[in-house]
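Below: one structure, written as structure tokens.
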Amino acid sequence: MSIHEECGVFGMISNNTTDVGQMIYYGLYALQHRGQEGCGIVVNHDGLFSSHKDLGLVSEVFGKENLAKLPQGEMAVGHVRYGTTGANNRSNCQPIEVNHQKGRMALAHNGNLSNAAKLRDELELSGAIFHTTSDTETIAYIITKERIKCGSIEDALTNAMDILQGAYSLVLMSPQKLICARDPHGFRPLCFGKTKDGSFVVASESCAIHAVGGEVIRDVEPGEILVFSRQENGIKMQSIQRHCYKEERKICIFEYIYFARPDSVIDGISVHSARVSAGRELAKEHPVDADMVIGVPDSGLDAAIGYSLESRIPYGIGLIKNKYIGRTFIAPDHRLDQVRIKLSAIEDVVRDKRIVLIDDSIVRGTTSGRLVKLLREAGAKEIHMRISAPPFLHPCYYGTDIDSEEHLIANKHTVSEIAELIGADSLGYLPVEKLGCLMQERYPDYFSGYCSACFDGKYPTEIPTDTRKDRFEMPLSQKEKK
Ligand code: SF4
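Residues 1195 to 1676 (my numbering) make up the sequence shown, in order.
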């Protein structure tokens, strides 16, 4: 489907281990699902930075040789990238490194600024020269500009947060400090924890903290800045809350539906349990007489369990995913159906059965149509498609790459028309007013606590006027005409 993860960030400040680069590698491996276009690690050794970044998966970019080249150090930051803004080229790989008279900094970012174009125009007009086309460089510029006016990097970041709008979960590193921050709405997840040796780790998702043997302490609060520094008696942590509790909490609901790993816990809510709840709600909203519930691997499986539990229709494994295929697989021969290479149906399970097929979304409808065909060819008698999210109707300005509005099938067709187009016997979506079921008791007011703008158009911030992905790459002559 044409939805892509945004990015994943990971940082570590060690108490006594020195192989921080390797630890970041493990953390990024656990966050690979959040971005497969490129990745990078910057290691801080005695205040000096060494880095390696490139396009590709973590395992490709950090083969044995490149990993061995990273020096021992006290701190490090890492990033996995899916480019929601900026071209997919090496220069846009993160973490971004800045060398300035006021100090050195490495910065990794997840999210999109909603005022990036405006800020970048202002910076360019004041003489700034950009080397990348990503929002992250804009953030780095703003922090550096503020650094000139104030003493510490955390003060500079605090001031920068008055200027930045939109979604940003940041991990940054100065020669002496590891710092993380989450935007005041908390669009994107960010949490921190501690390893057995007293080192602190910061990550987009809790699964990455567990991957390095750490325990999660808590989520970073929306608007909060955490500053970690090494002291003689261990690592000191300071929380700066000047931007906390001023805006409504707006975690991206699609993190729970699709992006995040089911073993992660975000803002106190298990992603797996959230998906099971959505499946249960779906069964209440769209019941059907059927013999078996199956999920589309991977993110449809948990909701399928929920549908099965609620409906008491047995759960089965009817679709198998090729384990060796990444989310970015591109078939060299486009005549072949890519869905068939990624997924196959187990004939023995689905033959002659009335199937409830659970998926997390329908974007253009192409993949859903192919899945239905695959199951029919395997002998399924009926296929009732159920989607654990409402129909996509609007773009996202906070770091999720959703197809343009004119390609979204739900913008052109009714639910029954979509069912016919994809060849399903029936189709049902999770109603937008029931999205709160994903948040369970944590946020009992269903209409707050999360962003659902791509489903209901209710954007928590002002939205940008120029939203082209290549907006920073147009020739000057065109830019001048604007
Ligand atoms: Fe998430 Fe949709 Fe909001 Fe974007 S618009 S942050 S994808 S809920």
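Cβ atoms here follow ideal geometry from the backbone N, Cα and C, with glycine treated the same way.
In this text the structure is predicted, and so the values were computed from the model without any measurement.
- Arg1564 and Val1533 have their C-alpha atoms roughly 7 angstroms apart.
- The beta-carbon separation of Phe1204 and Gly1221, rounded to 4 angstroms, stays under the 8 angstroms limit for a contact.
- Shortest gap from the CB of Ser1646 to any heavy atom of the ligand SF4: under 6 angstroms.
- With respect to the 7 angstroms criterion, Ala1224 and Val1271 are not classified as neighbours on the basis of their beta carbons.
- By the beta-carbon neighbour count (other beta carbons within 10 angstroms, threshold 16), Ala1334 is buried.
- In this structure Thr1594 is buried. Its beta-carbon is surrounded by 16 or more other beta-carbon atoms within 10 angstroms.
- Ile1519 and Lys1536 have their C-alpha atoms spaced approximately 7 angstroms apart.
- Beyond the five residues adjoining it in sequence on each side, Ile1411 comes within less than 7 angstroms, by CB distance, of Phe1386, Gly1387 and Lys1388 in the same chain, given in chain order.
- Nearest Cα to Arg1341 within the set Asp1461, Glu1611, Ala1354 and Asp1391: Ala1354.
- Collapsing the DSSP output to three states places Asn1210 in coil.
- Annotation for Ile1447 indicates a beta carbon within 6 angstroms of some heavy atom of the ligand SF4.
- Taking non-hydrogen atoms of the ligand SF4 into account, the C-beta of Tyr1623 is found less than 6 angstroms away from none of them.
- In this structure, Thr1594 has its CB closer than 6 angstroms to one or more heavy atoms of the ligand SF4.
- Around the CB of Leu1264, 16 or more other CB atoms lie within 10 Å, so the residue is classed as buried.
- Scanning Ser1464, Ala1322, Ala1375 and Lys1606 for the CA closest to the CA of Cys1438 turns up Ala1375.
- Boundaries around His1466 are those of the alpha helix (DSSP H), Val1465 to Glu1479, since no beta strand (DSSP E) includes it.
- Here Ser1505 carries a helix assignment [DSSP, helix/strand/coil].
- Membership of Leu1366 in the beta strand (DSSP E) is indicated by the continuous run Ser1363 to Met1367.
- Boundaries of the beta strand (DSSP E) harbouring Arg1412: Glu1409 to Asp1413, taken from the DSSP string.
- One thing to note: Val1487 has its Cβ within 7 angstroms of the Cβ of Tyr1509.
- Between Thr1655 and Gly1360 the beta-carbon gap is near 6 angstroms, inside 8 angstroms, which marks them as a contact.
- Taking all protein chains shown into account, Ala1497 has 16 or more neighbouring C-beta atoms within 10 Å of its C-beta and is therefore buried.
- One alpha carbon belongs to His1379, the other to Asn1210, and they sit about 35 angstroms apart.
- Taken from the Cβ of Cys1590, at least one heavy atom of the ligand SF4 lies inside 6 angstroms.
- DSSP places Tyr1592 outside any beta strand (DSSP E), giving it a letter other than H or E.
- The three-state secondary structure of Phe1324, taken from DSSP, is coil.
- Distance between Leu1261 and Gln1216, taken at the CA atoms: about 7 angstroms.
- Secondary structure at Ser1400: helix, using DSSP grouped into helix, strand and coil.
- By the criterion of a C-beta distance shorter than 8 angstroms, Val1252 is surrounded in its chain by Tyr1219, Leu1222, Tyr1223, Gln1226, Cys1233 and Val1274, once the five residues flanking it on both sides are discounted.
- When DSSP states are grouped into helix, strand and coil, Phe1243 belongs to the strand group.
- DSSP, reduced to helix, strand and coil, places Gln1432 within a strand of the structure shown.
- Distance from the CA atom of Thr1338 to the CA atom of Gln1295, rounded to whole angstroms, is 10 angstroms.
- Residue environment for Asn1283: exposed (fewer than 16 other C-beta atoms within 10 angstroms of its C-beta).
- For a cut-off of 8 angstroms, the C-beta gap from Ser1555 to Ala1583 is around 5 angstroms, short enough to register as a contact.
- Pairing Glu1399 with Ala1454 gives a Cβ-Cβ distance under 7 angstroms.
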